[in-house]
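There are 2 protein chains.
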Amino acid sequence: MAIRQTIQTSESNPESPLEGGEDFLTIGELAKLCGTTVRTLRYYEEMDLIGPVKRSTGKYRLYNQHSLKRLKAIMALQGLNFSLEEILEVLGLYSKSRSYTKEEQLEHTRQSLQQQKALIDEKINQLTAMKSDIEARLRTVEGVCHPCLEHIPGDSCNEQCQYLEVHP
Amino acid sequence: MAIRQTIQTSESNPESPLEGGEDFLTIGELAKLCGTTVRTLRYYEEMDLIGPVKRSTGKYRLYNQHSLKRLKAIMALQGLNFSLEEILEVLGLYSKSRSYTKEEQLEHTRQSLQQQKALIDEKINQLTAMKSDIEARLRTVEGVCHPCLEHIPGDSCNEQCQYLEVHP
DNA sequence: TATAACCTTGACGTAAACGTTATAGTAGGT
DNA sequence: ACCTACTATAACGTTTACGTCAAGGTTATA
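Protein chains in written order, with my numbering: chain A, 1 to 168; chain B, 169 to 336.
Shown next as structure tokens:
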């Protein structure tokens, strides 16, 4: 269901001179390509994470290959336990300010990279904490000896078993 | 505010023959002893995690030393970031899956934890790779090499960096 | 017996990231 | 023209682990 009738937004060039018309995606197509849902895409738009590049004459959202790439990036970051707000921070860095001189651009890039690095460090720390947490949970669960499963209320077991010998 | 007037529940023995009357705790006392809130205890009761051993004549919830121990266990498990539902499972009060014996349940929990750990390890690896990638870019940007200034915006980097070079 | 400090049930509020209607307009094929 | 599949906006529902009233009983103490 490729859509041909489109509205030109004020800023967008009439048509790419090199190609005979860009290939747009509807919201459903983009969602399917990325294995997500239409609702999710509309929600991401609300969150200013990603929006359509234009609308059709009938107000349909239209996306392109750039959208696809960006959405995949968003989803990948989400898979790494970034919250949407954090993703906005990471991906929003590029669009924040338009620097003009090369020095300003360089400085801006430097700051972006440093902020990205900081966010990644934070994520690594969070995940590391989660990991040691899970390891503690595993020790707890693995510390359970079989006799404990039969314990009479109030009976005492060994140390590791302490959390699991509590009966109703 | 130790409560003396109590109602005997049908199942509970009249009174412990060894002690001259059990020492009951009101919900507020139990909460304070464990550093939690009354609301939390009532919520745990709703979740079937822990309830009063009996009620007073005036319908007050009454707990005992056993409750105290159990509540501490619950809170300890929570400290390990078990969800309340997981705590129910670990304590053998509830099985979401079709496993019926406590051993099977524990084995299920163990496997789930190991999977989670593997997932987290993978994420940490990815993030670590992204981090060193960004560090490489930072070194590039911070290097004195002027030609490098020409290729930064939108230029392509290596694999790990793909999520961060996506523009709006 | 009055009073403070508890306790009771009930019910609504919170945050994140969507899911799920409901109602109505649109794209494309026959 | 008509049908089907898709899309639009709007708005309410879901989950977790409680917080926070509200309106009213209860307990122990003065």
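For every residue, glycine included, the Cβ atom is placed at its ideal position computed from N, Cα and C.
Model, not experiment: these values are computed from the prediction.
Helix, strand or coil at residue i according to DSSP, with G and I counted as helix
{"i": "A:Leu84", "result": "helix"}
{"i": "B:Lys299", "result": "helix"}
{"i": "B:Lys227", "result": "coil"}
{"i": "B:Thr277", "result": "helix"}
{"i": "A:Thr140", "result": "helix"}
{"i": "B:Leu193", "result": "strand"}
Neighbour-count burial assignment, residue i, 16 or more Cβ in a 10 Å radius
{"i": "B:Glu254", "result": "buried"}
{"i": "B:Ser403", "result": "This structure leaves residue 403 of chain B out entirely; chain B is present only between 169 and 336."}
{"i": "B:Asp191", "result": "exposed"}
{"i": "B:Cys313", "result": "Note that B:Cys313 scores 46 on pLDDT, short of 50, meaning its location in the model is unreliable and no value can be drawn from it."}
{"i": "A:Thr140", "result": "buried"}
{"i": "A:Ala73", "result": "buried"}
Cβ of residue i within 8 Å of any chain A Cβ
{"i": "B:Arg278", "result": "yes"}
{"i": "B:Lys285", "result": "yes"}
{"i": "B:Val258", "result": "yes"}
{"i": "B:Pro321", "result": "For B:Pro321, the predicted model reports a pLDDT of 42, less than 50, meaning its position is unreliable and no value from the coordinates is stated."}
Interface flag, residue i vs chain B, CB-CB below 8 Å
{"i": "A:Gln114", "result": "yes"}
{"i": "A:Ser27", "result": "Strictly speaking, residue 27 of chain A in this sequence is Ile, with Ser absent from that position. With 8 Å as the cut-off, A:Ile27 does not count as an interface residue toward chain B."}
{"i": "A:Val38", "result": "no"}
{"i": "A:Thr140", "result": "yes"}
{"i": "A:Leu106", "result": "yes"}
{"i": "A:Arg42", "result": "no"}
{"i": "A:Ala31", "result": "no"}
Straight-line gap, residue i to residue j (C-alpha atoms, nearest Å)
{"i": "B:Tyr270", "j": "B:Ala297", "result": "Contrary to the premise, residue 270 of chain B reads as Lys rather than Tyr in this sequence. Straight-line Cα distance between these residues: approximately 41 Å."}
{"i": "A:Ile124", "j": "A:Arg110", "result": "21 Å"}
{"i": "B:Leu274", "j": "B:Val258", "result": "7 Å"}
{"i": "B:Phe250", "j": "B:Tyr231", "result": "24 Å"}
{"i": "A:Gln65", "j": "A:Asp48", "result": "18 Å"}
{"i": "B:Leu287", "j": "B:Thr225", "result": "52 Å"}
{"i": "B:Arg207", "j": "B:Arg223", "result": "17 Å"}
{"i": "A:Thr26", "j": "A:Lys69", "result": "15 Å"}
{"i": "B:Ser280", "j": "B:Met243", "result": "21 Å"}
{"i": "B:Gly203", "j": "A:Glu104", "result": "53 Å"}
{"i": "A:Glu29", "j": "A:Leu41", "result": "11 Å"}
{"i": "A:Glu122", "j": "A:Tyr44", "result": "23 Å"}
{"i": "B:Leu248", "j": "A:Gln126", "result": "14 Å"}
{"i": "A:Val53", "j": "A:Gln116", "result": "26 Å"}
{"i": "B:Lys299", "j": "A:Lys32", "result": "30 Å"}
{"i": "A:Asp133", "j": "B:Tyr228", "result": "37 Å"}
{"i": "A:Ala136", "j": "A:Thr37", "result": "36 Å"}
{"i": "A:His108", "j": "A:Gly92", "result": "13 Å"}
{"i": "A:Leu138", "j": "B:Leu245", "result": "11 Å"}
{"i": "B:Leu252", "j": "B:Ile218", "result": "11 Å"}
{"i": "A:Leu88", "j": "B:Glu310", "result": "25 Å"}
{"i": "B:Gln282", "j": "B:Leu239", "result": "26 Å"}
{"i": "A:Glu46", "j": "B:Glu214", "result": "36 Å"}
Residues of the segment 290 to 302 of chain B with Cβ closer than 9 Å to any Cβ of chain A, in chain order: Lys291, Ile292, Gln294, Leu295, Thr296, Met298, Lys299 and Ile302
Contacting positions in the segment 224 to 255 of chain B - beta carbon closer than 7 Å to chain A: His234, Lys237, Arg238, Ala241, Ala244, Leu245, Leu248, Asn249 and Phe250
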